[in-house]
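What the sequence shown shows, in our numbering, is residues 12 to 175, in sequence order. For every residue, glycine included, the Cβ atom is placed at its ideal position computed from N, Cα and C. For reference, the structure discussed in these notes is given below.
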Amino acid sequence: MPPTNTCISCLEEIKSGAKRCPHCHQIQSVLHSLNTNSKFLWLVVASLVALLFYALYTALTFDPQHQKLNPPILSNPTLIAIDTNAGPFITCFGHIENPNKERLNSVFLQAKFYDSSGEEIDRIMHKFEMTLRGGLALDTRIRGGAAHLPGRYNSCDIQVLEYK
Ligand SMILES: [Zn+2]
Numbered sequence: 012m013p014p015t016n017t018c019i020s021c022l023e024e025i026k027s028g029a030k031r032c033p034h035c036h037q038i039q040s041v042l043h044s045l046n047t048n049s050k051f052l053w054l055v056v057a058s059l060v061a062l063l064f065y066a067l068y069t070a071l072t073f074d075p076q077h078q079k080l081n082p083p084i085l086s087n088p089t090l091i092a093i094d095t096n097a098g099p100f101i102t103c104f105g106h107i108e109n110p111n112k113e114r115l116n117s118v119f120l121q122a123k124f125y126d127s128s129g130e131e132i133d134r135i136m137h138k139f140e141m142t143l144r145g146g147l148a149l150d151t152r153i154r155g156g157a158a159h160l161p162g163r164y165n166s167c168d169i170q171v172l173e174y175k
């Protein structure tokens with residue numbers, strides 16, 4: 012028995028591959044069979060559109076200059092907390108290194124200060140942009156007025172907020 016299909020119009024059984032129904036003469040269109048898979052088709056179309064937008068987004072936001080640069084490496088954070096005539100004053104010294112061959116044109120740093128239990132009690136943002144030649148390492152310090160008495164400060168560390 013040859014394989015059969017159902018007519019798209021009258022639903023009579025017809026030979027598989029028949030272009031026209033022998034009962035009602037309806038043309039068995041390819042579009043109709045695609046239509047029955049319309050959910051799948053929409054899924055494919057939606058995926059393609061999403062992919063297109065994603066490609067467009069990455070193309071527009073891709074920054075090759077920023078992409079290849081590694082962040083500067085900070086080490087040896089050292090705290091000094093003192094009393095001055097103007098009030099308590101804290102400094103976090105550190106060592107900063109540019110691991111890239113290229114120059115880092117702007118590095119924004121931030122120092123966090125901790126008490127003896129390790130809780131953060133103060134934070135100072137670096138106020139100026141710093142430039143670092145490729146491969147260069149240097150000492151840096153971030154300092155400012157303290158929110159607490161010097162005795163409460165126990166340690167600090169320096170983080171990179173932004174670099175490019
Ligand atoms: Zn038919």
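- Per the DSSP secondary-structure output, residue 95 pairs in a beta bridge with 98.
- Counting C-beta atoms within 10 angstroms of its own C-beta, residue 14 has fewer than 16 neighbours from the protein chains shown and is therefore classed as exposed.
- If you check the C-beta of residue 40 against ligand 1, you find no heavy atom less than 6 Å away.
- Spanning the alpha carbons of residue 165 and residue 117 requires a straight line of approximately 29 Å.
- DSSP links residue 170 through a beta bridge to 121.
- Here residue 110 is not near residue 91, since their CB atoms are 7 Å or more apart.
- When distances are taken from the beta-carbon of residue 23 to the heavy atoms of ligand 1, the shortest one is below 6 Å.
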